[in-house]
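Colleague: First the structure, then my questions, so here it is.
Chains as they are written, first to last, in our numbering: chain H, 1 to 313; chain G, 1001 to 1608; chain U, 2001 to 2447; chain W, 3001 to 3243; chain P, 4001 to 4113.
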């Protein structure tokens, strides 16, 4: 019993560390890829590890009071929490204790804390950045939520673990309406990752680096960790929903195989997001909003109705 | 015992009418504890025992040839606990809020008394009687503030609500020839269905359900906060109590489904609820007046309850009750907090406020907790409630309701942050204010307690609700103290909490790893310009905060619902101005009318 | 103790005749006589409450003579007219002329006479006393509007009284009797056509006083023109007496489905017309006048719902009359300055308005409640919806009125106190339990 | 528009009145019918119509020969009280409303000699005739109202002929009041000495003689004084405002 | 049906109609009141006609006659006449007041709506 618990805690800790590492690695690789597309050399793939270490070891940290500090606490703890509630490579972790709605809402904890911190900094630019981030959240959530509901209705479960399990025989992506839905969700993922064309909340050219303008030292370091894990979390969420969490094998060694396939899948979608990022110019915030609430929502609704029709017949 | 309580309430209403401010507040506070005491005493019928005075569970009062039947039921017990917890806190709050006794306490106590009556009513006349008493006592409370629009709109909508309700009562009465709930047999025919729909609409007015909500923003933004806290927290719940009574305690919802085979009004109610939640949320973050923002937020949050009632499954109803319970507390706290801020600063506009959190940290913390509940951040009870509703919508495969409801939930983050940023954080516009008075803090703290408790133990809340539902014949959903299970998924509050605490450890380690230096508020990086300490520049970006969304969404919300009501008003005005031209002022014309009248009556009668 | 109801009329008449002899103290004399009369009216009410209807013969027993017939509603109305008259008199204390006091007493006596008499021609005579006194009282205010209103009132009132007399003549031509109860008992012997024609004449004639649509052209002008105290007197005195006369006509003399139906729709038309016309009024007194018209329509609807038995109709009209009399008279007093500076006037005004809108536990609520029950038991859903509609309009303009009346300015005590006292009657009658038994008694010879 | 409508309405009104009268005439059952009175209070007339009762029993019940007088003063005395009150109210109203409109202008045109002298002669006769009429109200046609009117007309004549002729208004009103009080008091004495208001409590006397019929002559005298003084005061009031 | 009665009823109907027409069309307030008086007269005549009995005499005890007219309408008419007079007197006063304020008796519209 106790041993089980210890093992569980160990696994969870491991996943947390692995998630951080993978995220930072992806960020590094991402920078390299973008550099190559831009025909630059780019930094080494481990550059982000160095950045984080540097920031965390900075000696003078400027704080704007106790509410400002909440940003740090909320962003790291919240994103870790989210990570642990997602099935990774078919391993359910804590996701049996929650479901997709929980994850949707858990994703908001760090951003809300982050927003609190930015607000507390008193910098108007931060305020504007937070506003844009929140509007962006509202924008991409609508199509994303509709596709999520389509999945839930189709598999008759709201638990992510349940959805993943249901896809053991066939990934959702291979069912026609979900192909459409996954395309929609991928654009939503683009917004979640705040990559171009949806990077206006943090675009450095626009509003002096946006919400994190006042963050420095350990605060910025923690935000980088948050960003890294969130990349993992968001792509995993997507993969869990449409690709059965990357589960391809059952039986012996299935764990390691599935883990690798998961890793490959999230890397693919991260890369895809990066490629889109490099290829497109930036949307203004209202353009982004319109894009999501108009075209994306219509497509998502079509897929939802399609699914509903499939379910009731 | 019960008659003594009622007599004491009435006596206190009289006394507080005449005594001075402080004494009135003290009397009102202790008197407002009485219903709560009675409810705790009645708790023994749920198996737990706090106190026992042996207060009767039912009572009949004869007045003007009519017998009022009063009795406690599990459902009204639940709503009672919710509503009557608010009153003492509000009285406590108002102790320092008002500087003279100009009718707040007596009419507040009257509202308390009539709420008590509504909850105990066992026949339709009693229900209606107390309902109206509450309407007009709250009307007088609104009227005190001397705002024209609020006065008119509230009275008109109260009357509308009363008439819709009494219309339903009359329809039911003409069928059953009895006013007692226990003697009403609903049969699926047109009149019953019209009665139920009419009553639901009547209660929906008070529950501020769209499109009958238009009074709420006006009234909420033009009244004193202690009263609005009751209005948003208590009164709206009574509206849902009424709906619940006629939809589930009397099986109105079932009757309607039987009568309409295809698309039931229940479904329409759910859609209206969801749309209400969604539209109100969008409108909420466009507001600049914090009271209006909170009002629209209320409308939105209350919409969820309507969704729950509309879906009507065991899951949904439980969720609806849970949401009602949460909303009663967090919205009351938020209004009180807004009141406390206004008490110190005298301002309502979000764009003029800001930076209050540093001066009023306790108020801020309490408000923050309620905002977390409002925004349904996981581990708060607000999340549990909404989660149940989402599950219910998915389970019932309400594909239009579910996404709208969910996106409204996301929208709640936006206006929550609006409050946090605009009022409490952001620019430091109020350097010389103090923390709110102790009585106000105490009031808010008391109200925030249930939220804290049900964070970890949603099971207890579910226990309460399943007992409340027992007499409507609705089974409770499987749950333990920490977890709730549905056929679709489960939610484990303790797992989330423990993991969160565990995840806080690394975050805390990072936080503690290096020391930090707290700098002045204005010491920040502004596009290369560093403002000096005393330079007076606006550091507040709360003005036109969600302008982009507003720009996109505004065209779709034009004209607003109120425009349609104004259209009705204009139509009536034209009608009035046309019809009263009959009174030309010439006696010759009047004589012609007289002659025509005479001949018409004569002709009519001879003809027949 | 034997209560002689005739004293209700004889005493004010006697004192009105006496006043010219004692001009100096006429004010205090009048007020004491009104008080005495109020006490009598209360005694009469209790007598009716305890023993049922009172018949009091005058000189000879009917049908050759005249008798007073007092049922629950007339006892109530006698009480309202006398007690309210006494209270309202306080507001006119500034009037010094003894003739004013005489006219006031005569108006009170006349209205009382209308409701307690059991003879149809006698009723006509009292109508004339009331009307002539009212014309003079309305014109007593020294303004152009008052005179104009009085003239309009007079023209329509005279036309109406001609029609009443015509109706009486037609009835007499057939029945050879003037006693209401006697006519009622033998009404079936009457020629159908003459019956309806006489009903039409009587309804038209009394309807002018009872403010029925479309006979009420004079109402707004008179209420606007008259001084507050007189407007208040008119609202609880003559108009209420007239509507009661219509009830006797409708329920006692000509009970038939057709008359009920016609009264119902006239009531609905009056209600809607009054409320809709009041909706856009800017002048407070005029608005209240239109609102009065609406309330009279409501009372007429209540009377017309009698065909299913009096179970709901009479209590409804009972409470509606109390509510309207007390609320409207206090609001007319309030309209003197229209400022609710003191708590007394503020809560008085609110009570009155709430009672008119029909909020429990005020009398207006019980009135509307029984009215609705009656209408529901006859399944008149359309009527109910129309009443709702008018109620909402009423709420709208009364809310506006209340808001406009907010102000720091205080009214004179001579207006504020009667106003507050009058408005409390709607509360008292809504709460006192014995009233219900009173309301549930039978009308004279009625169903 | 209004005129055409009025014409139409008047024609319809005329026709319906004609219809009503035709109905009355066709169902002409004058006085021959026996009525079955079901009124529980009714004691006196069991099987006859009201007019029949009056004609048959007036003499026995009231002692008056003139049935109309008996009806006016005794059977329906309450009406008469009301009627007197209406006149009183009107007179009061006239005085009340004209109070501040009086303009006693001196230069009024004198009447011619014949009128002046003639009226001097006529006045006593007018007064006497009036008094005669109301005193003999229970015996001959006429009564308080005609008598009072005749008296008032005498004063009218005086006012027409002498612009300065002026009656003491106070005395008039005292007279008026006393007459009214007498009427009500007689009624109230009925309540005290007999059972009902206005009931006769005096001896009926010798029917057909002047001193008979109980309270009828008393009331009629009071009414006569009252009507006379009231009409006179009304006329005087109206006269005084002439420009 | 008696010719006298017929003629009388015809007169009644005419008087009432004329009076009503006058009230409905005249602007002069004096004329309106005159019209009202005409109507009053009509009704009084009607009362008398109702009580009339062909061949009847005044209801005063008289040995020579066995047939009397109905006495009650006559009593009523007495009352009605007095009431008519009173109302007319008051009407005249009101007209005087009106005239003193407006200088005319033509009503051209005043308070309305």
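Backbone N, C-alpha and C fix where the C-beta goes; we use that ideal spot for every residue, glycine too.
Can you have a look at residue 304 of chain H and say buried or exposed, based on whether 16 or more other CB atoms are within 10 angstroms of its CB?
Modeller: As a working mapping, residue 304 of chain H is identified with position 304 in the first chain. So residue 304 of chain H ends up on the buried side.
Colleague: Give the range of the beta strand (DSSP E) segment to which residue 1492 of chain G is assigned.
Modeller: To locate residue 1492 of chain G, count along the second chain from 1; it is residue 492. Residues 1490–1492.
Colleague: Can you list the residues of chain G that residue 3012 of chain W reaches, using a CB-CB cut of under 8 angstroms?
Modeller: Within the fourth chain, numbered from 1, the residue matching residue 3012 of chain W stands at position 12. The contacting residues are 1599.
Colleague: Report the neighbours of residue 1584 of chain G on chain P: residues whose CB is nearer than 9 angstroms to its CB, in chain order.
Modeller: Counted from its first residue, the second chain places residue 1584 of chain G at position 584. Ordered by position in chain P, the residues that pass the 9 angstroms Cβ test against residue 1584 of chain G are 4109, 4112 and 4113.
Colleague: Whether or not the segment 1009–1028 of chain G and the segment 290–307 of chain H are in contact is what I'm after, with contact meaning three or more pairs of Cβ atoms, one per stretch, closer than 8 angstroms; do they touch?
Modeller: With the cut-off at 8 angstroms, the segment 290–307 of chain H and the segment 1009–1028 of chain G do not touch.
Colleague: Does any C-beta atom of chain P lie closer than 7 angstroms to the C-beta of residue 3168 of chain W?
Modeller: What you label residue 3168 of chain W is simply residue 168 of the fourth chain in a count that begins at 1. False, the Cβ-Cβ gap to chain P never drops below 7 angstroms.
Colleague: What does the alpha-carbon distance come out to for the pair residue 310 of chain H and residue 155 of chain H?
Modeller: Counting from one through the first chain, the residue named residue 310 of chain H turns up at place 310. Counting from one through the first chain, the residue named residue 155 of chain H turns up at place 155. Taking the straight line joining both Cα atoms gives about 11 angstroms.
Colleague: Is the beta carbon of residue 3230 of chain W sitting closer than 7 angstroms to the one on residue 3015 of chain W?
Modeller: Locating residue 3230 of chain W in the fourth chain gives position 230, counting from the first residue. Locating residue 3015 of chain W in the fourth chain gives position 15, counting from the first residue. Going by C-beta atoms, residue 3230 of chain W is not nearer than 7 angstroms to residue 3015 of chain W.
Colleague: Measure the Cβ-Cβ separation of residue 113 of chain H and residue 70 of chain H and say whether it is below 7 angstroms.
Modeller: Mapped onto the first chain, residue 113 of chain H falls at position 113. Mapped onto the first chain, residue 70 of chain H falls at position 70. Cβ distance < 7 angstroms, so residue 113 of chain H and residue 70 of chain H count as in contact.
Colleague: Give the residues of chain U in contact with residue 4046 of chain P, contact being defined as C-beta atoms less than 9 angstroms apart.
Modeller: If you number the fifth chain from 1, residue 4046 of chain P lands on position 46. Result: 2165, 2166, 2169, 2170 and 2173.
Colleague: What is the residue span of the beta strand (DSSP E) that residue 1058 of chain G lies within?
Modeller: As a working note, residue 1058 of chain G is residue 58 in the second chain. Taken as a continuous stretch (DSSP letters only), the beta strand (DSSP E) holding residue 1058 of chain G covers 1058–1063.
Colleague: Output needed in chain order: residues of the segment 2228–2250 of chain U with a Cβ under 7 angstroms from some Cβ in chain W.
Modeller: Of all residues in the segment 2228–2250 of chain U, none has a Cβ within less than 7 angstroms of some Cβ in chain W.
Colleague: For residue 1078 of chain G, name the three-state secondary structure that DSSP assigns.
Modeller: Within the second chain, numbered from 1, the residue matching residue 1078 of chain G stands at position 78. Looking at residue 1078 of chain G - three-state DSSP - the assignment turns out to be helix.
Colleague: Confirm, please, whether the CB-CB distance from residue 2058 of chain U to residue 3198 of chain W is below 7 angstroms.
Modeller: To locate residue 3198 of chain W, count along the fourth chain from 1; it is residue 198. To locate residue 2058 of chain U, count along the third chain from 1; it is residue 58. Going by C-beta atoms, residue 3198 of chain W is nearer than 7 angstroms to residue 2058 of chain U.
Colleague: Which residue marks the beginning of the beta strand (DSSP E) containing residue 1069 of chain G, and which one marks its end?
Modeller: The sequence position of residue 1069 of chain G within the second chain is 69, counting from 1. Counting along the chain, the beta strand (DSSP E) containing residue 1069 of chain G begins and ends at 1066–1071.
Colleague: Does the CB of residue 2177 of chain U have a neighbour CB from chain A at under 7 angstroms?
Modeller: Protein chains in the displayed structure are H, G, U, W and P, and chain A is not among them.
Colleague: Any beta carbon of chain W sitting closer than 7 angstroms to that of residue 4091 of chain P?
Modeller: In the fifth chain, residue 4091 of chain P corresponds to position 91, counting from 1. It does not: the Cβ of residue 4091 of chain P has no partner Cβ on chain W nearer than 7 angstroms.
Colleague: Using three-state DSSP, classify residue 2066 of chain U as helix, strand or coil.
Modeller: Position 66 of the third chain holds residue 2066 of chain U. Strand at residue 2066 of chain U.
Colleague: Establish whether the CB of residue 2197 of chain U and some CB of chain W are separated by less than 7 angstroms.
Modeller: What you label residue 2197 of chain U is simply residue 197 of the third chain in a count that begins at 1. True, the Cβ-Cβ gap to chain W drops below 7 angstroms.
Colleague: Using the C-alpha atoms, what's the distance from residue 2075 of chain U back to residue 2438 of chain U?
Modeller: Against the third chain, residue 2438 of chain U aligns to sequence position 438. Against the third chain, residue 2075 of chain U aligns to sequence position 75. If you take the alpha carbons of residue 2438 of chain U and residue 2075 of chain U, they lie about 10 angstroms apart.
Colleague: On the DSSP letters alone, give me the boundaries of the beta strand (DSSP E) that residue 63 of chain H sits inside.
Modeller: Here the question's residue 63 of chain H lines up with position 63 in the first chain. It spans 61–63 - the beta strand (DSSP E) in which residue 63 of chain H sits, taken as one unbroken run.
Colleague: Can you tell me whether DSSP reads residue 3045 of chain W as helix, strand or coil?
Modeller: As a working mapping, residue 3045 of chain W is identified with position 45 in the fourth chain. Bear in mind that the predicted position of residue 3045 of chain W carries a pLDDT of just 46, short of 50, making it unreliable; the figure below should be weighed with that in mind. Coil, per DSSP.
Colleague: Let me know if residue 2239 of chain U comes out buried or exposed under the rule of 16 or more other beta-carbons within 10 Å of its beta-carbon.
Modeller: Here residue 2239 of chain U is taken as the residue at index 239 of the third chain, counted from 1. By the 10 Å Cβ count, residue 2239 of chain U comes out buried.
Colleague: Do residue 1569 of chain G and residue 2217 of chain U have their beta-carbon atoms positioned less than 7 angstroms apart in this structure?
Modeller: For the purposes of this step, residue 2217 of chain U is taken as residue 217 along the third chain, with counting starting at 1. For the purposes of this step, residue 1569 of chain G is taken as residue 569 along the second chain, with counting starting at 1. Not in contact: residue 2217 of chain U and residue 1569 of chain G (Cβ atoms no closer than 7 angstroms).
Colleague: Give the single residue among G/1375, G/1133 and G/1448 whose Cα lies nearest to the Cα of residue 1333 of chain G.
Modeller: Sequence index remark: in the second chain, residue 1333 of chain G carries index 333 (1-based). Minimum Cα distance to residue 1333 of chain G is reached at G/1448.
Colleague: Kindly identify the DSSP beta-bridge partner or partners of residue 1180 of chain G.
Modeller: What you label residue 1180 of chain G is simply residue 180 of the second chain in a count that begins at 1. Answer is G/1123.
Colleague: Does the CB of residue 3217 of chain W have a neighbour CB from chain P at under 7 angstroms?
Modeller: Position 217 of the fourth chain holds residue 3217 of chain W. By this cut-off, residue 3217 of chain W is not an interface position.
Colleague: Looking at C-alpha atoms only, which residue of H/185, H/132 and H/293 is the closest neighbour of residue 269 of chain H?
Modeller: What you label residue 269 of chain H is simply residue 269 of the first chain in a count that begins at 1. Residue 269 of chain H has its Cα closest to that of H/185, out of H/185, H/132 and H/293.
Colleague: Can you give me the Cβ contacts of residue 2349 of chain U inside the same chain, cut-off strictly under 8 angstroms, excluding the 5 residues immediately before and after it?
Modeller: By one-based count along the third chain, residue 2349 of chain U stands at place 349. If we look at residue 2349 of chain U and ignore the five residues flanking it on each side, its Cβ neighbours are 2330, 2331, 2334, 2340, 2402, 2405, 2419 and 2423.
Colleague: Show which residues of chain U have a CB atom less than 7 angstroms away from the CB atom of residue 3096 of chain W.
Modeller: As a working mapping, residue 3096 of chain W is identified with position 96 in the fourth chain. Simply 2097, 2099, 2100, 2103, 2136 and 2140.
Colleague: Any beta carbon from chain U within less than 7 angstroms of residue 4096 of chain P's own beta carbon?
Modeller: Counting from 1 along the fifth chain, the entry for residue 4096 of chain P is found at position 96. So no, residue 4096 of chain P is outside the interface.
Colleague: Using a Cβ-Cβ cutoff of less than 8 angstroms, which residues in the same chain neighbour residue 3188 of chain W once the five nearest sequence positions on both sides are dropped?
Modeller: Along the fourth chain, one-based indexing puts residue 3188 of chain W at 188. So the qualifying residues of the chain are 3197.
Colleague: Output, in sequence order along the chain, the residues in the segment 3047–3061 of chain W whose CB is closer than 9 angstroms to any CB in chain U.
Modeller: Flagged, chain order: 3049, 3050, 3051, 3052, 3053, 3054, 3057 and 3061.
Colleague: Counting only Cβ pairs nearer than 7 angstroms, list the residues of chain H close to residue 1358 of chain G.
Modeller: Along the second chain, read from residue 1 onward, the residue named residue 1358 of chain G stands at position 358. Chain H residues near residue 1358 of chain G: 65.
Colleague: Would a C-beta distance cut-off of 7 angstroms place residue 3220 of chain W and residue 3155 of chain W closer than the cut-off?
Modeller: Translated into positions along the fourth chain, residue 3220 of chain W becomes position 220. Translated into positions along the fourth chain, residue 3155 of chain W becomes position 155. In this structure, residue 3155 of chain W does not lie closer than 7 angstroms to residue 3220 of chain W by Cβ.
Colleague: Given that residue 2023 of chain U touches chain G, what residues does it touch there, using C-beta distances under 9 angstroms?
Modeller: Numbered from 1 along the third chain, position 23 holds the residue referred to as residue 2023 of chain U. Near residue 2023 of chain U there are no residues of chain G at all, since even the closest Cβ is about 36 angstroms away, more than 9 angstroms.
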